[in-house]
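Each remark here refers to the structure printed beneath this line.
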Amino acid sequence: DAKTTQPNSMESNEEEPVHLPCNHSTISGTDYIHWYRQLPSQGPEYVIHGLTSNVNNRMASLAIAEDRKSSTLILHRATLRDAAVYYCIRRNYGGSQGNLIFGKGTKLSVKP
Amino acid sequence: NAGVTQTPKFQVLKTGQSMTLQCAQDMNHNSMYWYRQDPGMGLRLIYYSASEGTTDKGEVPNGYNVSRLNKREFSLRLESAAPSQTSVYFCASSEARDVFYGYTFGSGTRLTVV
């Protein structure tokens with residue numbers, strides 16, 4: 198049970214920003230939000246993670262709602278290489294919940 | 003800059019045959035994992051090793067065994083392959099199972115059981 202809800206698919210135009218939503222309405226106070234992406238025929242790749250504050254790195258930004266029941270992965274300028282399946286994952290401290298549990302993710306298509 | 007290396011990349015087995023999937027990481031990570039991914043699905047955890055000398059079952063361990071040979075290597079064995087085990091298998095590693103650390107995945111082994 199991935200315990201997150203994402204749209205099955207989204208489309209974007211090249212060089213435009215992309216906002217990928219994730220709902221995690223039952224999140225607990227110690228759950229982190231992790232994002233991974235999987236390019237075609239490759240293993241998943243870590244993108245970003247956060248707890249409460251918005252986070253930025255070279256790949257993307259993560260905006261977490263104030264009530265933490267949802268978050269948005271932001272790709273500032275989509276390229277064709279960003280076409281992938283994006284997974285939003287909750288991770289808790291320790292025990293079996295410390296493992297990555299993948300849902301089906303959002304398949305992002307990028308049009309030239 | 004190898005990261006996580008999986009061998010073989012492709013394999014076809016007959017039902018009932020056995021084989022071992024190999025995984026090695028060169029990042030000095032403590033934790034290693036085996037996942038499987040069926041078409042159109044997310045990844046499911048088979049087994050994991052939180053640290054050298056320990057292994058634990060994940061979500062779908064039936065039909066598999068694992069060995070954490072040393073800190074670098076974590077192998078997955080299919081004793082008697084079945085068509086239901088046709089899948090893409092991914093190995094991953096992380097510095098620890100703690101939530102602060104991301105996973106690094108290999109490029110996968112595509113296994114077909116006929």
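For the record, the sequence lines run as chains W and F.
Note that the working numbering numbers the first sequence so that position 88 is 285, with each residue one more than the last.
Note that the working numbering numbers the second sequence so that position 94 is 96, with each residue one more than the last.
By construction, the Cβ of each residue, glycine as well, lies at the ideal position given by its N, Cα and C atoms.
- Taking all protein chains shown into account, W/Gly226 has fewer than 16 neighbouring C-beta atoms within 10 Å of its C-beta and is therefore exposed.
- Three or more beta-carbon pairs separated by less than 8 angstroms link the region 103-113 of chain F to the region 16-29 of chain F, which places the two stretches in contact.
- Within the same chain, Val6, Gln27, His31, Met34 and Thr106 come within 6 angstroms of F/Ser95 by CB-CB distance, once the 5 residues on both sides are set aside.
- Taking a contact to require three or more Cβ pairs closer than 8 angstroms, the region 9-17 of chain F and the region 270-280 of chain W do not qualify as touching.
- DSSP places W/Tyr229 in the uninterrupted beta strand (DSSP E) bounded by Tyr229 to Gln235.
- Along the length of the region 38-116 of chain F, whole alpha helix (DSSP H) runs at least 4 residues long do not occur.
- Residue-level contact by beta carbon holds for W/Lys301 and chain F, with a gap shorter than 8 angstroms.
- Residues of chain W with a Cβ closer than 8 angstroms to the Cβ of F/Tyr49 do not exist, since the nearest Cβ in that chain sits about 10 angstroms away.
- Taking CB atoms only, W/His246 has a neighbour in chain F less than 8 angstroms away.
- In this structure, the straight-line span from the alpha carbon of W/His221 to that of W/Arg287 is close to 8 angstroms.
- Boundaries of the beta strand (DSSP E) harbouring W/Gly247: Glu242 to Gly247, taken from the DSSP string.
- For W/Leu259, the three-state secondary structure derived from DSSP is strand.
- A direct Cα-Cα distance of roughly 29 angstroms separates W/Met256 from F/Glu75.
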